[in-house]
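Take the sequence shown: its letters are residues 161 to 1388, numbered as in my numbering. Quick reminder that beta carbons are idealized off the backbone N, C-alpha and C, glycines included. Heads up: the structure comes next, in structure tokens.
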Amino acid sequence: MRSAYGSVAAFQPRHLPASRYSIRMHGMKRGALLLTLVLSLCGSVIASEQQHLDYIYRDDGDRDGGLRIFLTKPDGQRIELAQQTPVQPFAVKLGPQPWLIILCRFGDDPTTPQPTEYYERLLGSEAPGLDHYWREASFDLVNLAGSRAVGWYDLPHPRSHYVHDGGFDNYRALVDAVAAADSDVYFPNFVGVSLVFNALLGDRDRDRATAFGGQVYYTLDGVYRSWGITWIPAGIGTWVFHREVKNVHNVFAHEMGHALGLPHSTGPYGFNYDNFWDVMSYWGAAVTDADFGILGTHTIAYHKEMLGWLPEQARQTVAPGNQVTIRMERLALPSKQGFLMAKVPIAGSANRSYTLEYRQRAGYDRGLWDDGLIIHDIDTGRYEVNINWGMNEWHPAHVVDADKNGNTGDDGAVWKPDETFTDRKNGIRFRVEDTDESGARVTVNNNALFLSHFAQGSNVSSSVVLVNPSPQSQAAGTVRLTRADGQSWKVPLDGQVHDGSFTFSLKPLGTGFRSTTAGGEASTGWVQVGSERPLAASVLFTSPYGVAAVPASELSARSVLLPVIQDPGRGWRSGIAVSNPNGEAIQVSVHLRSESGVLIPDFTASLQVPPHGQRVQFVEELLPAAGGQILGRTLDLAADLPFDAISILTSPQAYATLPVAPQSLTASDAQLGEVGTLAGSPLMSGGADGPVTEALFSSPQDAATDKAGNVYVADGGNHAIRKIDAATGGVTTFAGRCGDSGSNDGPREMARFNTPRALCFDSQGNLWVADAQNHTIRRVAPDGVVSTVAGTAGAWGWADGKGAEARFDDPSGIAVDAGGIVYISDRDNHVIRKLSLDGTVTTLAGTPRKAGSASGAGQQARFRQPHKIALDREGNVLVADYQNALVRKVTPDGQVSTFAGRAGVPGYRDGPADVALLNLPSGIAVDSSGIVYVADGYVIRRISTDGRVTSVAGYPHVPTSPDSPCGTSNGTGKDARFCYLSSIQPASSGDFLIADTNNHTIRKMSLLGTLYQLFFPQFATGEAVASTLVFINPSRTEKAWGRLHLIDSGGAPMAVGFNGEKPAADLDFEILPLGVQFFQTDGTGDLRVGSANLNSNVRLSGTVLFSGAAGLAGVSAAPATYRLLAPVETNSSNGLSTGLALLNWNLAPTPVTLRLRDTSGNILASTVVEIPARGQLARFPEELFKDQFSFPQQFQGTLEAQADAQICGVGLRVVPGEIATLPVAVID
């Protein structure tokens, strides 16, 4: 016997305690499940339509402590019914998993939206049937064989019986639906039941998008167990069967996923449905089926692992302290060997990790935005309020979105070849090395540091220096020393012999020194440091050549550039040290490049580096043909697997190491728009004239500029044309009268308009106006006389003809070519019109009154409410096709094609034009180079000449965040805010004018490239001190340009002569791809000390090289931070001291607190110093703390610097006549 009433005890996703989903159904609000059920956990029946269930988790931090169930009575009294302790996760069965679809009609609605056969096909084994889908998604481990659909059945009650407080009573519907199908099916033959209803599952607007899924404990046909249950609306007009785009396949796959036990994955923005890479989140993949609508994508690798679909050989875990290069195969339809998921634990945690997966547009993933590496931040203890529903949910997986623009379906969430993900706080880095037809090679580094040179011999000693930058956590790990031949190196450290590795543990803000003793046979090798948490590490050399520091590499690379400074006259020799972290030998090719980045023929070599081995070579040994002096050159090193390298520079009495520049295929970031307010007061509507800060507009629709730079505004809500005077900055009413609509022609003061929407100037100085609600085309002559050129005021419709014979319906866009031909977007007629010189109007493209998105010739094409238009250099008309969410192109002969976007699929997805999504394209402009700009709802989009769409200003109104507010703020990129954009037009200055309609303002946007900064806290020039600045452009494709600023220690500009040129404090430069630039001082004049700062459009690699009586040292660029830590070592017997050079790049003086700490991180002394605005200082601990601390003969510890504004620093290690610089550790 089947039970007429079942018992709903728990939803239990795999690997989750039942308490996490107990008494909870996907999509339902807390407390909304009516107690018309039998609670198996308390064994009682409560049948009341007025009493509701409430539940709370025990407050045990991780929510694994169980569940308390309460009854809330109408008077608000809460009665505890039961407590439930966690249960073991249910086991997902593999193999056949048959589902039953029960089709139900509400008792008061006899409509049958689709026949039963439709759902039989939906369950089918032919694509895109759900059996076919789950076979592909599970790698053939799961199928739906034996599934069937039954019904339609009439429920015993009207729809209102199942709706309470605007929400759907899932339990009542379940009871009645299974009872209706009872005589036709044997339920134990199925693992899940999908209930389909012929209308909405709720009364609120958002319930149009409501479907539910999960697991229910229930008794059917005498069998009590967990059943997968989904509730799906199928009526026309619901989200599943929307009038414009069906969403059947995706919704069924999504809800079945919940029934399998899968939670939502999300973006990092608090919304439920914004991970574009997961069927368990986003619903808008770009591939649709004629019958079943949007097709579900695959779920993410983390979910597939939860369900047992990823065998051990398909998963790679990269433990802390390690680096690996692995091949990742695509997650959909893998065709080669490779890993389907990589897992990277964070700080050794069992609950926190990153997962990596490679997604490619194949199979059901073919609708994804792009191919590439996708990263998820996993936290199994993460609970968040679902903003869409207002309830707390388990969200273990967040897709990583680097650009933080609210949209996970663009470049920010996809890593391509040569792109690197960095989590500096947790010491984790990934880089995509290359891709092939079905996968990618990825290098994964989890807190592994590589120091490519370590030396020991009769006159050379080396130290490994470790610094723990964490103020709270200890850092433990292992140091491995490896000889050049790849074997473990058992060199004694601090007098103790080890087997090639040793462990360490550093207290918070502590440091450790492990040193060799000079003596024995000369040998070299390299060092790997591994830990669970980020560390700073360096190797210090002491030798007859001087002292030097080897910086750590945080992620190996396959191709690098190293500066070459070979000068026999000064005894300078350049060399390289290359270490191989891989378990197989690598062949490193070596090429010499010129200053301009060009390969120099005949100067090539090859280095064979054994597994885990190292090679040290000088340039004259590698490239003997080069000979003599080599300045302004680089060495180009490349291998098939990643390696680490440093540049070595020696002289008879000096030794220095220089960092390398990993080569990059990646172009610098896309242009950003810097947005300001030109005129009007945000959110204040009116018609007042006056200065730009006092004038008011009312829903401005468009803006155009004349040859003198004056700006004219189509002030739609005021029914007037306004003018912003370029000379005075004042706003006046140019034509019409604010607040007075009409259609009068005549002198501009007497003329009247009715919601003018668009403006443009012709070559004769005439201002053309699309007068929307008059349904006419107007012209304002240079003498100010207004005339109606086409259409008849108040007579809307469609008709071609001459002058007043023509008819328009809300003309909204206008443009004029060099010959005086006017083009019009006739919005509500859905066509593009053409106005010839004799006043004749014809239809160029589209069919009047017939909306659509078809491309084609002339009347074959369709538009849907085209808004603004613009002309490109070839005379094509570009159309903001508003309701189609497209940009269209119309050739002069009327051929229409889609330029960017996907018809009927709105969104803010950047990328190639054929996969990018536009949301509300209303304005459009073309610059002199052919780049197109689109005013798209709340964002300005850019379409490059190669068809790539990017967002340059504004923050997207993402569909998954309906409450996302518009704003008024000025700023750059996503910091700028708009409130519905109507147009964008080029200004005579080269900037852009923007009609920000709902803010009632005219905005101005300048285009900026992203500028990268390098800070060098120590720079010196003068008698006996020569400095060389070396900058390498690592980009293979992009020319670097920028400016170098030199500031003295007091913060004043410091004019310096480089390369024999006239002294200057600011120096502009250009560096060709893979090129290098050297700026050398002559080492004469008074000694001056200061700092250097560089701004460039490409991330450059830079070094300041000192040479003189104090030795030879290279100063690398320093990070800007609020708190930093440098290792300190002093020895009064040989004059060794270690200090800090600090740079304050702020516009105000900055106090800095300096603290001396011992190796355990304990504070020994502290003081405060002030650095002038833009100034610099260098201090040593013996001087700073002489009154607070008595230094022993030898001391080791750290020097900490902390400020309220960002500072930069570099360590200075000196002995008499020698100097070296040390990298610092950033304290987060």
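Close beta carbons around S703, own chain, < 7 angstroms, minus the five adjacent residues each side: Stepping through the sequence shown from its first residue, residue 703 is reached at position 543. Closer than 7 angstroms at Cβ, skipping near neighbours: N619, V620, Y815.
Integer-rounded CB distance, given that A1225 should sit under 8 angstroms from P1213: Mapped onto the sequence shown, residue 1213 falls at position 1053. Mapped onto the sequence shown, residue 1225 falls at position 1065. Contact holds; Cβ gap of about 3 angstroms.
Minimum C-alpha distance to L259 - residue among M416, L334, Y384: What you label residue 259 is simply residue 99 of the sequence shown in a count that begins at 1. Strictly speaking, residue 259 in this sequence is Trp, with Leu absent from that position. The option with the nearest alpha carbon to W259 is M416.
Buried or exposed by the 16-neighbour rule on C-beta atoms within 10 Å, applied to A522: Locating residue 522 in the sequence shown gives position 362, counting from the first residue. Looking at its Cβ environment, which holds 16 or more other Cβ atoms inside 10 Å, A522 is buried.
Range of the contiguous beta strand (DSSP E) that encloses A510: Sequence index remark: in the sequence shown, residue 510 carries index 350 (1-based). A510 -> no beta strand (DSSP E), and no H or E assigned at all.
Pairwise C-alpha distance: A765 and H751: Here residue 751 refers to the residue found at position 591 of the sequence shown. Here residue 765 refers to the residue found at position 605 of the sequence shown. Going by the C-alpha atoms only, they are around 7 angstroms apart.
Sheet register partners of G1131 (DSSP bridge): As a first step, residue 1131 is located in the sequence shown; it is residue number 971 there, counting from the start. Looking at the DSSP assignment, G1131 forms a beta bridge with V835.
Exposed unless 16 or more other CB atoms sit within 10 angstroms - verdict on S343: As a first step, residue 343 must be located in the sequence shown, where it is residue number 183. So S343 counts as exposed.
Short Cβ contact (8 angstroms threshold) for F913 with I1162: Here residue 913 refers to the residue found at position 753 of the sequence shown. Here residue 1162 refers to the residue found at position 1002 of the sequence shown. Pairing F913 with I1162 gives a Cβ-Cβ distance that is not under 8 angstroms.
Separation of I808 from L818, as counted between CA atoms: Position 658 of the sequence shown, counted from the first residue, corresponds to residue 818. Position 648 of the sequence shown, counted from the first residue, corresponds to residue 808. Near 6 angstroms, if we compare the C-alpha coordinates of I808 and L818.
Close-in-space but distant-in-sequence residues of the same chain around S633 (CB under 7 angstroms, 5 per side omitted): The count along the sequence shown starts at 1 and reaches residue 633 at position 473. P668, R693.
Spatial distance of F499 from F266 (CA atoms): The residue labelled residue 499 in the question sits at position 339 within the sequence shown. The residue labelled residue 266 in the question sits at position 106 within the sequence shown. Between F499 and F266, the C-alpha separation is close to 49 angstroms.
Neighbour-count burial assignment, N1294, 16 or more Cβ in a 10 Å radius: Here residue 1294 refers to the residue found at position 1134 when the sequence shown is read from its first residue. Exposed, because fewer than 16 other Cβ atoms sit within 10 Å of the Cβ of N1294.
Collapsed DSSP secondary structure at T1157 in the structure displayed: By one-based count along the sequence shown, residue 1157 stands at place 997. Three-state result, T1157: helix.
Residue closest to F701, alpha-carbon to alpha-carbon, out of I1387, L1382, D1087, G289: The sequence position of residue 701 within the sequence shown is 541, counting from 1. Minimum Cα distance to F701 is reached at L1382.
Distance, D1208 Cα to V1275 Cα: Within the sequence shown, residue 1275 is the residue found at index 1115, counting from 1. Within the sequence shown, residue 1208 is the residue found at index 1048, counting from 1. Approximately 16 angstroms between the Cα atoms of the pair.
Contact between the segment 832-840 and the segment 1131-1139 (3+ Cβ pairs under 8 angstroms): At 8 angstroms Cβ cutoff, the stretches touch.
Candidates E681, L420, S691, R542, of which the one nearest N606 by Cα: Taking the first residue of the sequence shown as position 1, residue 606 is located at position 446. Measuring from the Cα of N606, the nearest candidate turns out to be S691.
Coarse secondary structure for E1330, derived from DSSP in three states: Residue 1330 sits at position 1170 when you count from the first residue of the sequence shown. Correct three-state label for E1330: strand.
CA-to-CA distance, W391 to L361, given in whole angstroms: Taking the sequence shown and counting its residues from 1, one reaches residue 361 at position 201. Taking the sequence shown and counting its residues from 1, one reaches residue 391 at position 231. Looking at the backbone, the Cα of L361 and that of W391 are separated by about 8 angstroms.
Check whether G953 and N934 have beta carbons under 8 angstroms apart: Residue 953 sits at position 793 when you count from the first residue of the sequence shown. Residue 934 sits at position 774 when you count from the first residue of the sequence shown. According to the sequence shown, residue 953 is Ala rather than Gly. Between A953 and N934, the CB-CB gap stays under 8 angstroms.
Beta strand (DSSP E) segment containing F1229, residue limits: Here the question's residue 1229 lines up with position 1069 in the sequence shown. Residues 1226-1231.
Whole-angstrom distance between A340 and V356, CA atom to CA atom: Mapped onto the sequence shown, residue 356 falls at position 196. Mapped onto the sequence shown, residue 340 falls at position 180. Straight-line spacing of the CA atoms in V356 and A340 works out to 13 angstroms.
Cα-Cα separation, D998 to Y983: Reading the sequence shown from its first residue, position 838 is the one you call residue 998. Reading the sequence shown from its first residue, position 823 is the one you call residue 983. Cα to Cα, the separation comes out at about 14 angstroms.
Close beta carbons around H463, own chain, < 6 angstroms, minus the five adjacent residues each side: Residue numbering aside, residue 463 sits at position 303 when the sequence shown is read from its first letter. Same-chain partners within the cutoff: L422.
Beta-carbon contacts of D220 that lie in its chain and below 8 angstroms, excluding the five residues immediately before and after: Residue numbering aside, residue 220 sits at position 60 when the sequence shown is read from its first letter. Confidence at D220 is low in this model, with a pLDDT of 34, below 50, so its placement is unreliable and the value that follows should be read with caution. Excluding the 5 residues flanking it on each side, D220 has no same chain C-beta neighbour closer than 8 angstroms.
Those runs of the alpha helix (DSSP H) which lie wholly inside the segment 1302-1365 and span at least 4 residues: Taking only runs of at least 4 residues, the alpha helix (DSSP H) segments lying wholly in the segment 1302-1365 are 1341-1344.
Run of the beta strand (DSSP E) containing M844, from where it starts to where it stops: Position 684 of the sequence shown, counting from 1, holds the residue named residue 844. First-last for M844: undefined, no H or E at that position.
I736 versus S716, L641, S612, residue with shortest Cα-Cα distance: Along the sequence shown, one-based indexing puts residue 736 at 576. Taking only the C-alpha atoms, the option nearest I736 is S612.
Bridge-paired residues (DSSP) for F452: Mapped onto the sequence shown, residue 452 falls at position 292. None, per the DSSP bridge assignment.
Minimum C-alpha distance to K496 - residue among G284, S598, A697, I588: Locating residue 496 in the sequence shown gives position 336, where the first residue counts as 1. The residue with the shortest Cα to Cα distance from K496 is S598.
Inter-residue spacing [alpha-carbon to alpha-carbon] between A1073 and F1059: Taking the sequence shown and counting its residues from 1, the one referred to as residue 1073 is at position 913. Taking the sequence shown and counting its residues from 1, the one referred to as residue 1059 is at position 899. Cα-Cα distance, rounded: 7 angstroms.
Where the alpha helix (DSSP H) through T276 begins and ends: As a first step, residue 276 must be located in the sequence shown, where it is residue number 116. Note, T276: alpha helix (DSSP H), 276-282.
Heavy atom of the ligand SAM within 7 angstroms of S1089 beta-carbon: Judged by which ligands are present, the structure shown has none, so any question about the ligand SAM falls away.
Where L783 falls, given that 16 or more other Cβ within 10 Å makes a residue buried: Counted from its first residue, the sequence shown places residue 783 at position 623. Flag for L783 reads buried.
Residues of its chain near H414, where Cβ-Cβ distance is below 8 angstroms and the 5 sequence neighbours each way are ignored: Here the question's residue 414 lines up with position 254 in the sequence shown. Contacts found: A371, G373, V439, M440, W443, G456.
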